[in-house]
Amino acid sequence: MQKSPPGAQPSGWARALPYARAALLVGAALALVALIKPFLRDLFALPFLAAVMAASWFGGLGPGLFAVLLSTVLVDYFFMQPTGDFAIHADELPYFSAFVISTLLAGWLSSARRSAEASLRLARDELEARVAERTAELQRTNEALRAEMADRRRAQDVLRAAQAQLAHVTRVMTMGELVASIAHEINQPLTGVVTNAEACLHWLDGDPPDLDEARGALRRIVRDGNRAGGVIARLRGLLKQADPQMALLDLHAVIRDAVELLQSEAQSQGVALRFEPAAELPPITGDRVQLEQVILNLMLNGIEAMRETEPSRRVLTIATQRCAPDRVRVVVEDAGVGIAPADLGRVFDAFFTTKADGLGMGLSISRSIVEAHGGRLSAASAPGRGATFQLELPVLAEQGSRAAG
Amino acid sequence: MAAASGSDSQAPPPIVFVVDDDVSVREAIESLVRSVRLEVRTYGSAREFLEAEPLDRPACLVLDVRLPGSSGLELQRELRTQGVRLPIIFLTGYGDVPMSVRAMKEGAIEFLTKPFRDQDLLDAIHQALERSRLERRQQAELSELRRCFESLTPRERQVMLEVIAGHSNKTIAAELGTSEATIKLHRGQVMQKMRAGSLAELVRIAERLASAGSRP
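Top to bottom, those sequences are chains A and B.
Just so it is clear: in the first sequence, position 395 is 394 by numbering that gives the first Met the number 0, and no numbers are missing.
Just so it is clear: in the second sequence, position 154 is 153 by numbering that gives the first Met the number 0, and no numbers are missing.
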């Protein structure tokens, strides 16, 4: 088999080389036979056979036949009776014929074997090339897929960011509605601080100064200062624009925060807040700020719905229950105007509102937040007697990372 | 609950009541008031205050406008219907003008916005206690007058009414169908029992009783 590159025409020299090698091999066989003829006797043909096999192995069928021809001539000339010429004694004819046939056969077999191996190698190389090609193709597909996935992920990120932004904006708006009562929440401890400080000065100015009383006043200043700081911290927590963070949450703590934030607002509307926590509630996985936003929203809606309710019935109840081994429920119930049956299916739609100054985003955002937590938000109402909102959440959010803004 | 009606003319120590649902504000005011050597009692709600034992001492009330359940203004009205005359200093977080106007119209001493200056609150408290003392004195005098009036016999009351109406003994005697001498005697009794030195004084006393709701 020629090692020349495919498609390139082998040069004359390269084409002649196997023939020269065949001649050399046969020559070597002749020399060997000449040297050891006495030991070989009638087996002198074996080295020629070997030379033919070698020539056709390395050179292919052509040089193999050339070696056969050469061997035949030499054997005829040197070893067939009468030796020294090309005539052949009749007795020698069978032997010579057998020699020629054997060498031909050997040459052919050898070259056939060689070419079979060569085509096998070719087939293998081809296979390897095809495998490499396929692998490359697969890689390209894979990369395209990966790019598509990245695109999709980017799109999801953009969507999530947009939702987070919307949630943040509605949160800020909610806080805006609560500005008066939040100001009150901060003003109360601030009044405590100022008045305690003045009382402390009085105690110190006394004759003799009353240090115990002064100390007591200072302690209350610290407490009240921390209380005002707590209000600010709660606010900042709700107003900061951070990516949703899923964490293990005590739902009761989240509700208590919301209740505390709305206490003052509820009071100014003459509404009593009643929190009825379940005796035992497993922690849930969720984003604290978002879930507090949902609860704040439901509570604020309830408080607003009771504007026309007679004062003694203005109670907003927030209860928690474990409704299944792996699900918890928050129920927010008011005694307000309720929701008309026709509106019940639409309250969660974006831009649906019954309030004069409402934007209609609160419940829509709330539902998307709850659904992103793998939960469910639903409403029920007996018109004129109030509305009940139920928020169900899995104990372990199935798709924690999916939290929307 | 504090009542400012009493016959004791010798003044007992005054007391300041504070009603605010917010513990920070409540405790701070309590300390401030005690620091100027005044007695103070604090309550977290209007109901708590209304249910407390009444005290017969000069007193005033420091009251938060915003209270859970009932507002400070409602408590002010409730005290008024119960006949309790207690000077009130209102505290508000808002400085809500219409509300303060209403409170002042109903007799509030002062309307302070939180956070307030200590001196403003203490001045208001002193002013309120002064008013409480004055009212107690007037109340004491009035009940003394009432007691005097109640000691009159029906006949003497009749005579007193005629006298302050400006009628002469003669006319009265004719009206009541008795002698002028008897009327003169009754009239002397009235002047003595009502501790009036002159006819003019008797008329003033009668006017005070009338304006306080008694029926002379």
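Even glycine gets a Cβ: it sits at the ideal position worked out from N, Cα and C.
Please classify A/His167 as buried or exposed, where buried requires at least 16 other C-beta atoms within 10 Å of its C-beta. buried
Ordered along the chain, which non-local residues of its own chain (more than five positions away) have a Cβ less than 6 Å from that of B/Asp122? none
Are any of the Cβ atoms in chain A nearer than 9 Å to that of B/Pro13? no
So, for A/Leu250: in the same chain, excluding its five sequence neighbours on each side, which residues have a beta-carbon less than 8 Å away from its beta-carbon? Leu280, Pro282, Ile283, Leu290, Thr319, Val327, Val329, Leu392
List the residues of chain B that A/Ala216 touches, going by C-beta distances under 7 Å, in chain order. Ser30
What runs of the beta strand (DSSP E), each 3 residues or longer, lie entirely inside the stretch 95 to 149 of chain B? 109 to 112
Against chain B, which members of the stretch 325 to 341 of chain A pass a CB distance test of less than 9 Å? none
Helix, strand or coil: which one does DSSP assign to A/Ser10? coil
Under 7 Å between beta-carbons, which chain B residues line up against A/Leu189? List them in chain order, please. Pro114
For a contact defined as C-beta to C-beta under 9 Å, what are the partners of B/Val39 on chain A? Result: empty, since nearest Cβ-Cβ is about 11 Å, beyond 9 Å.
Along the chain, where does the alpha helix (DSSP H) containing B/Arg46 start, and where does it finish? 45 to 50
Distance between A/Val130 and A/Leu121 (C-alpha atoms, nearest Å): 14 Å
From the beta carbon of B/Ser210, is the nearest beta carbon of chain A less than 9 Å away? no
Please determine, among A/Ala252, A/Ala160, A/Glu264, the residue with the shortest C-alpha to C-alpha distance to A/Phe274. A/Ala252
Residues sharing a beta bridge with B/Asp63, DSSP: B/Leu90
Mind checking if A/Asn296 is an interface residue toward chain B, Cβ cutoff 9 Å exclusive? no
Under 9 Å, Cβ to Cβ, is there at least one residue of chain B near A/Glu459? One cannot answer for residue 459 of chain A here, as it falls past the ends of chain A, which runs 0 to 404.
If we call anything under 9 Å between Cβ atoms a contact, is A/Ala21 one with A/Ala50? yes
What is the C-beta distance between A/Gly269 and A/Val336, in whole angstroms, given that I count them as a contact (C-beta under 8 Å)? With a Cβ gap of about 15 Å, A/Gly269 and A/Val336 do not count as contacting.
I'd like the list of long-range same chain contacts for A/Ile294, defined as Cβ closer than 7 Å, with 5 residues on each side in sequence excluded. Val253, Ile254, Ala257, Val329
Residues in the stretch 187 to 207 of chain B having any Cβ partner in chain A nearer than 7 Å: none
Please specify which runs of the beta strand (DSSP E), each continuous and at least 3 residues long, are wholly inside the stretch 294 to 333 of chain A, giving them in chain order. 314 to 323, 326 to 332
Taking the Cβ atom as the reference point for each residue, do B/Val162 and B/Leu128 lie within a distance shorter than 9 Å? no
On the criterion of 16 or more Cβ atoms from any shown chain inside 10 Å, does A/Lys239 qualify as buried, or is it exposed? exposed
Determine the contact status of B/Ala27 and A/Val221, defining contact as a CB-CB distance below 9 Å. no
Helix, strand or coil for A/Pro207 per DSSP? coil
Between which two residues does the beta strand (DSSP E) containing A/Arg159 stretch? Unbroken run through A/Arg159 is the alpha helix (DSSP H), 92 to 176; no beta strand (DSSP E).
With respect to the alpha helix (DSSP H) encompassing A/Gly61, which residues constitute its N-terminal and C-terminal limits? 60 to 77
Supposed close pair A/Ile368, A/Gln292 - CB separation, criterion 8 Å: 7 Å
Measuring only between beta-carbons, confirm whether A/Thr194 sits less than 9 Å from chain B. yes
Is the distance from the Cβ of B/Phe48 to the Cβ of B/Leu60 below 9 Å? yes
Excluding the five sequence neighbours on either side, which residues of its own chain have a C-beta within less than 7 Å of the C-beta of A/Ile364, listed in chain order? Leu165, Ala166, Thr169
Are any of the Cβ atoms in chain B nearer than 9 Å to that of A/Glu212? yes
In chain B, what lies closer than 9 Å to A/Ala232 by C-beta? None at all; the shortest Cβ gap to chain B is about 17 Å.
Pick from A/Asp211, A/Ser109, A/Pro243: whose alpha carbon is nearest that of A/Ala161? A/Pro243
Are the beta-carbon atoms of B/Cys147 and B/Lys183 separated by less than 9 Å? no
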